[in-house]
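Notes to accompany the following structure.
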Amino acid sequence: MREDFFLGIDIGSVSTNVVLIDKNGEVIESMYLRTQGKPIEVLQKALATLYEKYGDSLRIKGVGTTGSGRHLASLVVGADIVKNEITAHAKAAIFFVPDVRTIIEIGGQDSKIILIKDRIVIDFAMNTICAAGTGSFLDRQAERLNIPIEKFGETAIKSQNPVRIAGRCAVFAESDMIHKQQLGHRCEDILFGLCLALARNYLANLAKGKSLESPILFQGGVAANIAMKKAFEQLLGTQIIVPKYYNVMGAIGIALLAKERTKGLITKFRGFENINGCKFETKGFECHDCSNYCEVVGFYSNGSLVARWGDRCQKYSSNRNYHIENSKNL
Amino acid sequence: MKVGVPNSFCYAGMENFFIRVIPEVLEDSQIVFSGKTTKEMVEYGLKNGCDELCIPAKIFIGHVEYLIRKKNVDVLFLPRLVSVLPGTYSCPKIIGIPDIIKTNYCGVELIVPEINLRKKRKIMSEKSMKNEQLFDFPMAKIAKTKNIIVLAHSYVIFDEFLNKGILETIKSAGYNPIYPAYYRFNSFYISSDLPKGFFWSSARDIYNYFEWAVNNTQIDGVVYLMTFGCGIDSVLQELIMRKCNKVGLPYLCITVDEHCADVGIQTRIEAYLDMIEWRSKDEKNYLSTHG
C-alpha cells in the first residue's frame, strides 16, 4: 500500500517531535523524543526508526519544520515549509477543536497564549526572558524533591491543602518552596502549591488584559501534568481540554501546513536514505572584519558547505565562496 | 580641534544641525561623528552604564567611549535638550545625559549648550535655529495597502542594532513599515482624543503619529518596539494597546533589551505577520470589530 504522507517536525529546546499524517490529517505515527542538546542526531534517529518500520511504502509528499530549531531541521530534511511554532500550534488546535477560543501552550522553555476567534488567530503572547512558568522549572523542582517528573501530576493532585508559593520568579519560588518544606508541609501540598503558583504566574504574565474564552485547550509537554490542568481549572473556574496529541501539537500543525503548501507541487524532501547517510555539522567562528564581531555559523553536509548565517553584512551568507580561500578562521 | 558628536540616543538625526551649528560656535573645528552602533560600542556601554539607564542611553555611553578611545577627540559637544517641542519637556534621561557623561569621564572636556524652547532667550544664534529644525529624519512612505505602523522612539527606529532589523523583516514579508520621526509631524497638527496632553515631547510625537495613521491610512497592524527601562514607553505602550483593542487592530509589543537574541523577536514578528495574513485571507469569516 503506497499512500501519501506528510511529515511534521518540531524541534524545541527540550523535545524533538516527529509526526506522520495521512492526506486526511489522521495521525499515523507520533514521536516525542528528548532533544538533549543534539537536535540533528535525534532527528536522524527518529527518521531512521520511521524508515525501518515502514520502508519504501512511505511516500512523503510534504515536510514542514517548526520550533526553535526549525531552520536547522529544514536544512537537514529539505522542508517545504518553515513556520514559527505559534502558527503551527494554532493550526493543529483548530484542526482538532474547530471552535477553540483559547490555547494555553507550555513547553520546555517557553509558554504561549493564543486567542482565536472564528478559526482565526486574533492575538497571542509569548513569555519573555523569564522561564518561571515552564516545563524546565517544574522538571528541576521535581528532581529536587526526588520525584520523577512523570509522577509529578499524580502526586500533586492528591493535595488537600496546597501551600501558597510566590511564583513571580523561579529563583524566589524555589526559596519559598524550601521554606515551606522546612516547616514540614507534605510533599503533595508543596507540589500542588507550585502548580498553582505557575498557573498564576502564567495568567499574570501572558494573559494580562486578555479575556480567556472557552473552549480552552491546554497543550505542550506540561499538559501531561494533570495537576497543572487542575490548577488552571481552579483559577479560571472553567473546564480545560487536553487534546489527545497534546505533546506533539506543533508537529501536527506544521504537517498540516505542509500538506496545504505542497498541494500540486513536488516536495523538497531529501529522502530517508539521503538524510540518514549524511553527516551534518555546524561550525562557527567570530568574524573580525569589522567591529560588529558577528558570530558566523556554517552548516555542512558531508563536509561541504550548505548554508551560512549570523553575519550582519551578509557577505558570508550571500556568497558561499567568501573567505573559503583564506579559511584560517573556519 | 576635533569635536566628537555621538549621534545616537537623543542626538540621532541631529547631524545636519551639528554641521550647521558647531562651526558657528567653535572655530577651526573638525566634527567627528560616532556613526552607526556596533557591537563594540554596545559592549562599552553595557560595561560603563549604571543600572537605572535605559538601553538606548547605555548604548549612547558606548558611543561616547568609542569617540574617546578610538577617535581621540579633544572635546565632546553634547547640547542639553531640555525642551525641543513647544509646551513639552524631553525625557529626564535626555536632559541629564551630559551630566552622566561628565561623571563617567572626568578627564574629557564637554561643551554643553542648552536648547530650551521654553526659554525666551536662546543661546544659539537665530540663524541656526531657524525653522527650529533640530532633527532631520526621512519620513516613511505610506503605501496604499499593507501598511504596518512600527512605533518607537526615533533613536530605535533608525538604529538597526537596537531594533534588530525589524523594519527589514516586515519589508521582506511584503508589508510596508511606516513609523513616526521626531518633530517632522508638526505641520499636520492633529488633536488627540486624550483628555490631557503629554508631558514629554517624544511621547506626543509618537502618539500623534499613531492616531493620524489610524485615521488617515490603510493599516493592517501596529507593532510597538519598547526599549527596556524606558519610562515613557511603559505608559505609551499601554495607551496604544488599549486604543488598538478598541478599534480592532492587531497589536504586538516587543521589548528590546541587551541580551535579547534576534531569534525571539523573529519568531514573534513572523507569528504576528502570519496572523495578519491569516485574517486577510479569511476575509469572509472575519467580522470587523469596527462594527
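Heads up: the sequence lines are chains U and W, in that order.
Note that the first sequence covers residues 100 to 429 in the numbering used here.
Note that the second sequence covers residues 1354 to 1644 in the numbering used here.
Quick reminder that beta carbons are idealized off the backbone N, C-alpha and C, glycines included.
The structure presented is a predicted model; accordingly, all values stated were derived computationally and were not measured.
Name the DSSP beta bridge partners of residue i, please?
| i | result |
| --- | --- |
| residue 1577(W) | 1504(W), 1606(W) |
| residue 312(U) | Looking at the DSSP assignment, residue 312(U) forms no beta bridge with any residue, so it has no partner. |
| residue 399(U) | 380(U), 404(U) |
| residue 1433(W) | 1467(W) |
| residue 385(U) | 394(U) |
| residue 1355(W) | 1383(W) |
| residue 1360(W) | Bridge partners of residue 1360(W): none, in fact. |
| residue 42(U) | The question about residue 42(U) has no answer here: the residues shown for chain U are numbered 100 through 429. |
| residue 1531(W) | 1502(W) |
| residue 119(U) | 106(U), 128(U) |
| residue 157(U) | 102(U) |
| residue 1553(W) | 1442(W) |
When the Cα of residue i is compared with those of the options, which residue comes out closest?
| i | options | result |
| --- | --- | --- |
| residue 1463(W) | 1453(W), 1469(W), 1591(W), 1472(W) | 1453(W) |
| residue 1528(W) | 1565(W), 1633(W), 1355(W) | 1633(W) |
| residue 402(U) | 376(U), 392(U), 390(U), 415(U) | 376(U) |
| residue 338(U) | 200(U), 130(U), 103(U), 372(U) | 200(U) |
| residue 176(U) | 141(U), 131(U), 236(U) | 141(U) |
| residue 183(U) | 289(U), 329(U), 111(U), 365(U) | 111(U) |
| residue 1385(W) | 1376(W), 1357(W), 1516(W), 1397(W) | 1357(W) |
| residue 1572(W) | 1501(W), 1411(W), 1459(W) | 1501(W) |
| residue 1374(W) | 1395(W), 1465(W), 1399(W), 1443(W) | 1465(W) |
| residue 1599(W) | 1559(W), 1494(W), 1622(W), 1575(W) | 1575(W) |
| residue 115(U) | 382(U), 393(U), 207(U) | 207(U) |
| residue 1494(W) | 1382(W), 1381(W), 1566(W) | 1566(W) |
| residue 122(U) | 410(U), 361(U), 255(U) | 361(U) |
| residue 1406(W) | 1595(W), 1439(W), 1583(W) | 1583(W) |
| residue 1557(W) | 1445(W), 1438(W), 1378(W), 1432(W) | 1438(W) |
| residue 274(U) | 255(U), 127(U), 223(U), 240(U) | 240(U) |
| residue 252(U) | 325(U), 119(U), 400(U) | 325(U) |
| residue 1569(W) | 1552(W), 1498(W), 1619(W) | 1498(W) |
| residue 1370(W) | 1432(W), 1440(W), 1507(W) | 1432(W) |
| residue 155(U) | 169(U), 103(U), 191(U), 192(U) | 103(U) |
| residue 1508(W) | 1549(W), 1559(W), 1470(W) | 1559(W) |
So, at 8 Å on beta carbons, what are the nonlocal neighbours of residue i in its own chain, with the 5 sequence-adjacent residues on each side left out?
| i | result |
| --- | --- |
| residue 1579(W) | 1505, 1586, 1587, 1590, 1606, 1607, 1608, 1609 |
| residue 343(U) | 195 |
By Cβ distance, which residues of its chain are closer than 6 Å to residue i, with the 5 residues on each side in sequence left out?
| i | result |
| --- | --- |
| residue 1368(W) | 1360 |
| residue 1631(W) | none |
| residue 1541(W) | Note on residue 1541(W): pLDDT 47, under 50, position unreliable in the model; no value is reported. |
| residue 1447(W) | 1363, 1434 |
| residue 412(U) | none |
| residue 358(U) | 105, 161 |
| residue 345(U) | 318, 322 |
| residue 1532(W) | 1493, 1503, 1510 |
| residue 189(U) | 213, 220 |
| residue 1626(W) | 1526 |
| residue 238(U) | 248 |
| residue 1395(W) | 1412, 1415 |
| residue 1468(W) | 1432, 1434 |
| residue 1470(W) | 1436, 1439 |
Mind reading off the beta-carbon distance from residue i to residue j? Whole number of angstroms is fine, and I expect it under 8 Å.
| i | j | result |
| --- | --- | --- |
| residue 1427(W) | residue 1524(W) | The Cβ separation is near 41 Å, so there is no contact. |
| residue 1490(W) | residue 1534(W) | 4 Å |
| residue 117(U) | residue 235(U) | Actually they do not touch by this definition, with Cβ atoms about 21 Å apart. |
| residue 290(U) | residue 258(U) | 7 Å |
| residue 328(U) | residue 347(U) | About 18 Å separates the two Cβ atoms, so there is no contact after all. |
| residue 261(U) | residue 292(U) | 4 Å |
| residue 108(U) | residue 172(U) | 5 Å |
| residue 1408(W) | residue 1458(W) | That pair is no contact at about 20 Å. |
| residue 1442(W) | residue 1553(W) | 6 Å |
| residue 1622(W) | residue 1519(W) | 6 Å |
| residue 1611(W) | residue 1399(W) | 6 Å |
Keeping to the same chain, check which residues put their C-beta closer than 7 Å to that of residue i; ignore five residues upstream and five downstream.
| i | result |
| --- | --- |
| residue 296(U) | 264, 265, 266, 272 |
| residue 1628(W) | 1603 |
| residue 1496(W) | 1529 |
| residue 131(U) | 114, 116, 346, 347 |
| residue 1401(W) | 1414, 1418, 1457 |
| residue 1382(W) | 1354, 1356, 1375, 1376 |
| residue 374(U) | 143, 146, 175, 176 |
| residue 1372(W) | 1384 |
| residue 209(U) | 225, 226, 233 |
Any 3 or more C-beta pairs closer than 8 Å across the stretch 1413-1420 of chain W and the stretch 402-415 of chain U:
Not touching, per the Cβ criterion.
Three Cβ pairs or more, each shorter than 8 Å: is that satisfied between the stretch 278-290 of chain U and the stretch 151-168 of chain U?
no
Does the pairing of the stretch 124-142 of chain U with the stretch 382-392 of chain U give three or more beta-carbon distances under 8 Å?
no
Within the chosen definition, does the stretch 268-278 of chain U reach the stretch 141-148 of chain U through at least 3 CB pairs nearer than 8 Å?
no
Count the C-beta pairs between the stretch 1508-1518 of chain W and the stretch 1378-1394 of chain W that are closer than 8 Å, then say yes if the count reaches three, no if not.
yes
Taking one C-beta from the stretch 349-369 of chain U and one from the stretch 212-221 of chain U each time, how about it: are there three or more such pairs within less than 8 Å?
no
Flag this pair as touching only if the stretch 352-360 of chain U and the stretch 315-335 of chain U have three or more C-beta atom pairs under 8 Å; answer yes or no.
no
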